[in-house]
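*Asks:* Residue numbers (our numbering): 192 to 395.
The C-beta atom is built at its ideal place from N, Cα and C for all residues, glycine as well.
Have a look at the structure that comes next, please.
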Ligand code: SF4
């Protein structure tokens, strides 16, 4: 079995280099997010280094009512914290962008092949937009969840960095108790924390 790479350490090193390279401005980061709780503790560690724009692109949230609930919660949370962070709401079409991509994998276990395709779908769109809008970096908060495979997320990010010619900020955001921190922040701000990942197949 391949040795696991410590992507949290890689991110720390990347940030040190970024601080040395960007002396007169913060680099612009397009950060994919899936909901308010997942980005809460990630924003806290990145906001002093990057000029963050959040990208809410999640066609995997297959019920529109749930999608809107998560988007609205995110939007309210950013306002509540007085962050100077813009949110881009991506196109929402599960029928076009999610279901055809995971066809045949509906019954696979959460954390397997279906999810890897789902990570890539969202990361690819983030990389594409980062390129077309001239961002310095792109990344995703997905690795905050203990259920998400940070090894796969980072490998996908590296491939997309080459494809879209925008630097990928590595990360394993759950490290250093950041997942617990996100739960703490969610309680403090009374955030809606869903009890399923997003697609109808992840609902028990
Ligand atoms: S369980 Fe979550 S990550 Fe996996 S396919 Fe469904 S929405 Fe995507």
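(1) Can you tell me where the beta strand (DSSP E) with residue 221 in it begins and where it stops?
(2) Following the continuous beta strand (DSSP E) through residue 244, name the residue where it begins and the one where it ends.
(3) With DSSP as the reference, identify every bridge partner of residue 280, one or two as the case may be.
(4) Tell me the residue span of the beta strand (DSSP E) that contains residue 330.
(5) Which two residues bound the contiguous alpha helix (DSSP H) that contains residue 307?
(6) Here's a check: name, in chain order, each residue in its chain whose Cβ is nearer than 7 Å to the Cβ of residue 271, leaving out the five neighbours to either side.
(7) Where residue 372 and residue 291 are concerned, what is the direct C-alpha to C-alpha distance, given to the nearest angstrom?
(8) Less than 7 Å between the CB of residue 301 and some heavy atom of the ligand SF4, yes or no?
(9) For residue 359, list the residues DSSP reports as bridge partners.
(10) What number of angstroms, rounded off, separates the C-alpha of residue 277 from the C-alpha of residue 195?
(11) On a Cα-Cα basis, can you pick out the residue from 352, 344, 357 and 358 that is closest to residue 364?
(12) For residue 227, which of helix, strand or coil comes out of DSSP?
(13) In the structure shown, what three-state DSSP assignment does residue 369 receive?
(14) Using a Cβ-based criterion (distance less than 7 Å to any ligand heavy atom), does residue 251 qualify as near the ligand SF4?
(15) State the start and end residues of the unbroken alpha helix (DSSP H) segment that holds residue 268.
*Replies:* Judging by the given coordinates:
(1) 219-223
(2) 242-247
(3) 247
(4) 328-331
(5) 304-324
(6) 380
(7) 36 Å
(8) yes
(9) 329
(10) 34 Å
(11) 344
(12) helix
(13) helix
(14) yes
(15) 255-271
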